[in-house]
Amino acid sequence: MELDFSSQAHYLVALLPEIVLSGWGIVILLMGAGNRHSMNERSAADLGWLALSGILAAAFVNGWLYGVTEVGDHAMVAVDGLALFSNWIILAAAALGILISMSYVERQNLQAGEFYGLLIYSTVGLMVMTAAQDLIVIFLGLEIMSIAVYALTAINRHDRRSAEAGVKYFILGAFSTGFFLYGIALVYGATGSTHVREIAESVWSGGAHDELLLFGIALMAVGFSFKVSAIPFHMWTPDVYEGAPTPVTAFMSAAVKAGAVLAFLRVFSVAFEGAYESWWVILWWLSAITMVGANLIALVQVSIKRMLAYSGIAHAGYLIAAIVSANDTAAAGLLFYLLVYTLMNVGAFGVVILVSGQTEARLKIEDYSGFGWKQPILGLTLTVFLLSLAGFPGTGGFMGKIFLLQGTIEADLVYLSVILVLTTVASYWYYLRVAWFMWMREIPETQTDIEVVVPIPMRLALVASVALVLYLGVFPGVAIDLAQTSVDGLIDGSRSFLGVTPSLVSP
């Protein structure tokens, strides 16, 4: 079925997964409000399963959209391979986030309707961001996501750390949004449009005002860098990750990062492709500093949540390297890597939820002493996730880094490729340090025994994540082929339909 999505009537089809999720979110909020004074564990679990069914319904609609062919490329919302693959990643992160949070919501006595409703609406915002082809629509998706995640971060009213994390995230998030919005204004002033394709046409044809465009690109890069937690715009990440409820931290580390990186990719690979010589050096240094700095800081962390926070910052550096590479190989590798990163990171945080207990008291790496022998299945599960995060052969994380490395080498970014490899090797120390505590250290006599009960939803999330991480490490072909198909024509798209050379060069 072919549809022209520049027609307003067809936007209902382009946004069908988001519409389904939005309706589901309203139902969950209403049910949560109706049961507010009589909420018990059963009703909270029912809302969790209802939220999960909404994610599955949106996934079904997203699969149906593969049968729709977009006519033209000037719609504000795209129905292309990148948007559909991005939806799979974000929906997977949301589904896993719901599964690992069900027991946590019950134990912490959180308002389930609010929690799952906010999680669904943050998912909607992320999906809008990744499908948008207009900077204003990207901004709207960014704000929908951000407001929901601010509230999720501070949702545990019984924990002062949660409130503190929410305030910090809100203040710095609003600050970064200002940079992003000002950048949009400057790009509009330079090109006369906020549509990514029209901006690309203006840049390639020489009609853009160079100085305004450069400032606009720089400010938008700052805004995106805040959202993906790139150094030096990472200040909020460790404190927010540590203070937020752990299921929210898991969701932020996977879904929010994925949405921001994918929007980053679309804007810089399409809208600013003609200005590549002006921005690639900036992103090169941003990627290199992020990889080196985050891995070095992670080496000395004693809290597992802060270690995973700096790990996530380092992974942002790897992903920015793919954007700098600006070729289809790197873009496909980025999609594959984000898929694997979602599985292994949310899975690792799932085990952290089980170990930390109801009060989230056991968050130090030392608390994992002897955990592998006391809980061998969970110990092996966490070890698989840690090895995959480190990029150990046989795991999905290893294949993801191989694909990213292929993209950087294809782009002749030799030094950046070397930095990627060396920082990956350095990361082995802090990932394997946790595994060493689990398997090589005895339980201290002063430490109380860790009693872990794994609820059914958590089991589903962990089993699915481990199975897919190992499968993608051995048989990555289907996923990488789909990722490659999803980005075909994304890079060099402007060059192909204009047939001109860039007019903007680096200063």
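In case it helps, the working numbering puts the sequence shown at residues 40 to 546.
Don't be surprised by glycine CBs; every beta carbon is placed ideally from N, CA and C.
Between VAL379 and GLY433, the CB-CB gap reaches or exceeds 8 Å. Looking at the backbone, the Cα of ALA503 and that of ALA134 are separated by about 11 Å. When C-beta atoms of the region 138 to 157 are compared with those of the region 185 to 205, three or more pairs fall below 8 Å, so the two segments count as touching. One thing to note: SER317 has its Cβ within 8 Å of the Cβ of ILE256. With a beta-carbon spacing of about 5 Å, LEU377 and ILE128 fall inside the 8 Å limit used to define contacts. When the Cα atoms are used, GLY71 and ALA96 turn out to be separated by approximately 20 Å. ASP451 carries a coil assignment under DSSP once its states are collapsed to helix, strand and coil.
For the region 411 to 485, the continuous alpha helix (DSSP H) assignments of 4+ residues that do not extend past its boundaries occur at 415 to 429, 435 to 449, 453 to 479, in sequence order. The count of Cβ pairs closer than 8 Å, one atom from the region 273 to 288 and one from the region 197 to 212, reaches three, so the stretches are in contact.
Bounds of the alpha helix (DSSP H) holding ASN126 are 120 to 146. A distance below 6 Å between beta-carbons, with the five flanking residues on each side excluded, links LEU174 to the following residues of its chain, in chain order: ILE223, THR233. The DSSP-derived three-state label of HIS234 is strand.
Runs of the alpha helix (DSSP H) lying entirely within the region 218 to 272, each at least 4 residues long, are 235 to 244, 249 to 267 in chain order. Using a Cβ distance threshold of 8 Å, SER268 and ILE352 count as a contacting pair. Residue GLY136 holds the alpha-carbon nearest to the alpha-carbon of PRO496 among LEU54, GLY396, GLY136. Taking 4 residues as the shortest admissible run, the region 329 to 370 contains the following complete alpha helix (DSSP H) segments, listed from N- to C-terminal end: 343 to 364. Contact annotation: the region 451 to 461 touches the region 352 to 367, with at least three C-beta pairs closer than 8 Å. Secondary-structure assignment with DSSP links ALA171 through a beta bridge to VAL116. For GLY282, the enclosing alpha helix (DSSP H) starts and ends at 275 to 282.
Runs of the beta strand (DSSP E) lying entirely within the region 155 to 217, each at least 3 residues long, are absent. Between PHE307 and PHE375 a beta carbon distance of about 19 Å is seen, past the 8 Å cut, so the two are scored as non-contacting. In this chain, the alpha helix (DSSP H) harbouring SER525 covers 516 to 526. If you ignore the 5 residues before and after LEU511, its C-beta comes within less than 7 Å of the C-beta of VAL379, GLY435, MET438, ALA518, all in its own chain and listed in chain order. Apart from sequence neighbours up to five positions away, the residues of its chain that approach VAL176 with a beta-carbon distance below 7 Å are MET115, VAL116, VAL167, ordered along the chain.
Less than 8 Å separates the beta-carbon of PHE178 from that of PHE219.
Between GLY386 and ALA500 the beta-carbon gap is near 7 Å, inside 8 Å, which marks them as a contact.
With contacts defined by Cβ atoms closer than 8 Å, LEU402 and MET477 do not form a contacting pair.
One alpha carbon belongs to VAL118, the other to ILE94, and they sit about 19 Å apart. Non-local beta-carbon contacts of LYS344 in its own chain, meaning distances under 6 Å to residues more than five positions away in sequence, involve TYR280, GLU281, LEU402 in chain order. By the CB criterion at 8 Å, LEU251 and GLY228 fall inside the cutoff. By the Cβ neighbour-count rule, GLU405 is exposed, with fewer than 16 other Cβ atoms within 10 Å of its own. Residue range 296 to 305 is occupied by the alpha helix (DSSP H) that includes LYS296. With 16 or more other Cβ atoms inside 10 Å of its own Cβ, TRP63 counts as buried.
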